[in-house]
Amino acid sequence: MAKEIIVNVEPRETRVAVIESGRLVELHVEREERVVGSVYKSKVVNVLQGMDAAFVDIGLERNAFLYAGDVIPEAADAEGNGKNTARERNHLRIKDLVKPGQELLVQVVKAPRGTKGARVSTRLSLPGRYLVLMPEGETIGVSRKIEQPLERERLKKLAAKIRTFPCSLIVRTEADGKGEAELRQDFEFLTKLWNQIQQKAEQTKAPGVVHQDLNLVFKIVRDVFSEDVSKLVLDSQQDYEKALEIVGMISPKLKSRVEYYSDPEPIFQRYGIEQEIERLTKPKIWLKSGGYITIDQTEALTAIDVNTGKFVGTACLADTILKANLDAVNEVARQLRLRDIGGVIVIDFIDMSSARDRQHVMQALEKALKKDRVRSKIATISPLGLVEMTRKCTGESLSQILTEPCPYCGGQGRVYSPETMAARIERELRQVVNESDHEAFLLTMHPRVAACFLGPQGEDVERLEQTTNRALFVRADPRMHIEEYRILPGDLQEMERQIVRYRPGQVVECQVEKEPIVAQPRAVGWCEGYYVDLQNGGSYLGERVKARLIHVHRSFAIGEVVPAAKTIDKAEPI
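Every position in the sequence shown, counted from 1, becomes a number in our numbering once 1022 is added.
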């Protein structure tokens, strides 16, 4: 199975695509530092006995949730290892474990989602290339994906041999076939990391971050880039050099498979990934046979429905239904990985009367899910063809990252978020610039998208002007749909004559609105589609005010509200 990793690094976001046999199977998007895996020094805010949990302050916007089961050491395993028996664990309550004001070292195991804060645990785990080190306990485990008994026993003995202080170790799937030298090197690296965490924890005042997990690119290099990957392609020179450095430390013989992409055509366009992303927000996925599946994500669970569609088969009805279900199995497993769907999942296969056919579909589903790095559990298939399963959830699904609830239909549907649209417009603009000799462009979009596109105090649009060497005029139109935009090329002098321009010291009338990129006491004033960053506008949200422009640029201005202004200079072309 040919496997490739394609990395697109941009100022607004980093995207990593995993391709198997020519098909996109994983897509990861990072727009800011991810908190899952990071270690914090926290302070207990309050203890909820009725929920057997506590809320702790780790320095994020919302307090994190600490369940009693994430404080108690793991129960003894089948070989008698561990500190607490199951009976002892059941008798311990959160009030016996933590107190308000107490400081704890915790690790984020589930990212904040919606209105919920992060979930944290005091049981730290530090993943390496071949091992996972857990400072608590003295157990040794081996990944379930390593199935050969002799290999499992060999790796378990090696792990016990290289362990130099009391701790728990899990041997990862990537260690299959590796020797003592590789495992020892990984253990020494993790030991050094744990010592650094302990030292920083002593110096850090709660709440505060003690250790940040790797960013998306290097996490993929650590966890996914292995011998079954034919190439790792990055379009960022800086990240390419860092990736080479990391690969040189953990697996030097794979360095030749790391490539730098420098062509003018966007890397995701070259590999056909951009078109795949367009389909990821659609609920219906057509299958090669003519059937289709629909995916409906709710807060409680994800429902997947399998339909025959245009597939009518060639033999009997039972055979047609079996083939349609088997065709859907691989696509269901692929979509779970691709959309990073977690939590409770119910798959509604087409009803099969034969128990043998139902067993056949279940075996095919289990086999397809083995390719997934994320752990999942499957229940038996019901007589109606329903399969209940769970897939580990650590953060937002891809749909939740790329989209937001639709403001036009009251949240019943979803549209692309302003951040996604701003990134899309920038990508299209770069492509148009590469294919055009025009020196100026007029970009018109929805106000929320325009605010994201411009960036705080216009820094993003100024960066874009410098990197494209083009003059950009950004204007907002509230009548446009949030996914609608226009890119109009033209002559710079002609645009400067036709487009309304402003001058320093001019007083204009603005509608003051709140935008996420602007924090109090500032606010955004819209003057006929022109963006004005009002330094004192926070007290005038929702009002029409008079503002004096201080610094003026093509696409935005810095200004201040002047309540006492008696006249308004109408904007004129200059």
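Glycine included, every Cβ here is placed at the ideal spot set by N, Cα and C.
For residue 1370, the uninterrupted beta strand (DSSP E) run begins and ends at 1365-1370, by DSSP. DSSP places residue 1502 in the coil class of the three-state scheme, outside both helix and strand. Residues 1253, 1255 of the same chain have their beta carbon placed closer than 6 Å to that of residue 1281, with the five preceding and five following residues left out of the count. Judged by DSSP secondary structure, residue 1472 falls within the alpha helix (DSSP H) whose first and last residues are 1469-1476. Beta-bridge partners of residue 1163 (DSSP): 1192. About 5 Å separates the CB atoms of residue 1545 and residue 1556; that is less than 8 Å, so the two are in contact.
Taking the C-beta atoms as reference points, residue 1090 is found nearer than 8 Å to residue 1114. The closest CA to that of residue 1063, considering only 1226, 1169, 1146, is found on 1226. Taking residue 1210 as reference, the option from 1199, 1154, 1243, 1177 with the minimal CA-CA separation is 1154. Per DSSP, residue 1206 has no beta bridge partner at all.
Here DSSP, grouped into helix, strand and coil, assigns residue 1521 to coil.
DSSP places residue 1183 inside the alpha helix (DSSP H), whose first and last residues are 1171-1184. Exposure of residue 1167 is indicated by the presence of fewer than 16 other C-beta atoms within 10 angstroms of its C-beta. Note on residue 1411: 16 or more other CB atoms within 10 angstroms of its CB, so buried under the neighbour-count rule.
A straight-line Cα-Cα distance of about 21 Å links residue 1058 and residue 1425. Taking C-alpha positions only, residue 1539 is separated from residue 1241 by approximately 28 Å. The beta carbon of residue 1436 sits closer than 8 Å to the beta carbons of 1303, 1421, 1425, 1426, 1427, 1428 from its chain, once the five residues preceding and following it are set aside; these are given in chain order. Non-local C-beta neighbours of residue 1458 in its own chain, meaning closer than 8 Å and more than five positions away in sequence, comprise 1511, ordered along the chain.
Put simply, the backbone Cα of residue 1336 is about 7 Å away from that of residue 1342. Each residue's CA atom was taken as its position, placing residue 1442 and residue 1121 some 42 Å apart. Assignment of residue 1388 by DSSP, reduced to helix, strand and coil, places it in the helix class. Looking at the DSSP output, residue 1315 bridges to 1307, 1328.
Counting along the chain, residue 1287 sits inside no alpha helix (DSSP H), nor does DSSP assign it H or E at all. Less than 8 Å separates the beta-carbon of residue 1349 from that of residue 1309. Comparing C-alpha distances from residue 1507 to each of 1286, 1475, 1085 shows the shortest one belongs to 1475. Here the C-alpha atom of residue 1484 lies approximately 22 Å from the C-alpha atom of residue 1260. In the DSSP assignment, residue 1555 is bridged to 1546, 1580.
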